[in-house]
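Under the numbering used here, think of the first position of the sequence shown as 5, with each following residue one higher.
See structure below.
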Amino acid sequence: AFSDRPDVVEELGRAYMGGMHDAGMRTTGKHFPGHGSVAADSHVDDVIDGRSLEQIEHSDLLPFRRLARELDALMIAHVVYPAVDALPAGYSAIWVREILRGALEYRGVVFSDDLGMHAARGVGDLPARTRLCLDAGCDLVLVCQPEDAEQLLGCSTAEAEDWQTAQPGGAAHSVARLYGRPTLDAGELDRAAQAGVREWQHWQRSLEELGEQTWV
5 AFSDRPDVVE ELGRAYMGGM HDAGMRTTGK HFPGHGSVAA DSHVDDVIDG
55 RSLEQIEHSD LLPFRRLARE LDALMIAHVV YPAVDALPAG YSAIWVREIL
105 RGALEYRGVV FSDDLGMHAA RGVGDLPART RLCLDAGCDL VLVCQPEDAE
155 QLLGCSTAEA EDWQTAQPGG AAHSVARLYG RPTLDAGELD RAAQAGVREW
205 QHWQRSLEEL GEQTWV
């Protein structure tokens, strides 16, 4: 973070976003609703922030609230805030739908953090984590480790179609705005995603074939 002072975070964050936009790039704020008051690392441990919602609203949440209309995207923390919800924020409809989308009126893209991190694992396997994120209101889920990506890509067609029903239309429009293409529809996004999966599978097979060859 830029600072532990909300006003400084807001000022420097706005300047940074302005520079990124001038360079033709999009910006992602993280980690909503605030990750700075915990010592544990969510990559390797469960993380709990015991503050009240009022305390969070008067500290970490302030820059997000003030910059909500300017941020292109936000990433949600794998942190549990028990005073608000028993689930990590990325799986919480209270945080994503009620507070972020509702109270803060945020209309940009919502990313999960990496679903392979330790703090994300307590709710089930990767397909279950994916579904929970989408149900909570995330537009896109991040899976950053190759073995995790392979597991998700190997899911059944029925599971993939089930995920698509969690965000009918809304995610496609949010992502389209992120890329500056407001006319991009859900079908076009879906076709692009399927093409990406096929390309990944092609290169995966090529690597496997290379691995089976004898090199001298």
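C-beta: ideal position from N, C-alpha, C; glycine also.
- When V84, H25 and D139 are compared, the shortest CA-CA separation from D49 is found for V84.
- For A77, the secondary structure class from DSSP, reduced to helix, strand or coil, is strand.
- Counted as a single uninterrupted DSSP element, the beta strand (DSSP E) harbouring D117 occupies residues V113 to D118.
- Minimum Cα-Cα distance from H62 among the listed residues S46, G38, L78 and A81 corresponds to G38.
- DSSP places L146 within a strand segment (E or B) once states are collapsed to three.
- For the pair D117 and I60, the Cα-to-Cα distance works out to about 20 Å.
- Around the CB of M29, fewer than 16 other CB atoms lie within 10 Å, so the residue is classed as exposed.
- Beta bridge pairing from DSSP links V84 with I52 and P92.
- By the C-beta density criterion, S210 is exposed, having fewer than 16 other C-beta atoms within 10 angstroms.
- In its chain, beyond the 5 residues on either side, V147, C148, Q149 and D152 have a beta carbon closer than 7 Å to the beta carbon of G120.
- When DSSP reads this structure, F36 sits in a beta bridge with I80.
- Going by DSSP, F68 is part of the alpha helix (DSSP H) stretching over L65 to L71.
- Between I80 and R195, the alpha-carbon positions lie close to 27 Å from each other.
- With a threshold of 16 other beta carbon atoms within 10 Å, F6 falls short and is exposed.
- Between the C-alpha atoms of L57 and L91 there is a straight-line separation of about 15 Å.
- Following the DSSP letters along the chain, one finds M121 in no alpha helix (DSSP H), marked with neither H nor E.
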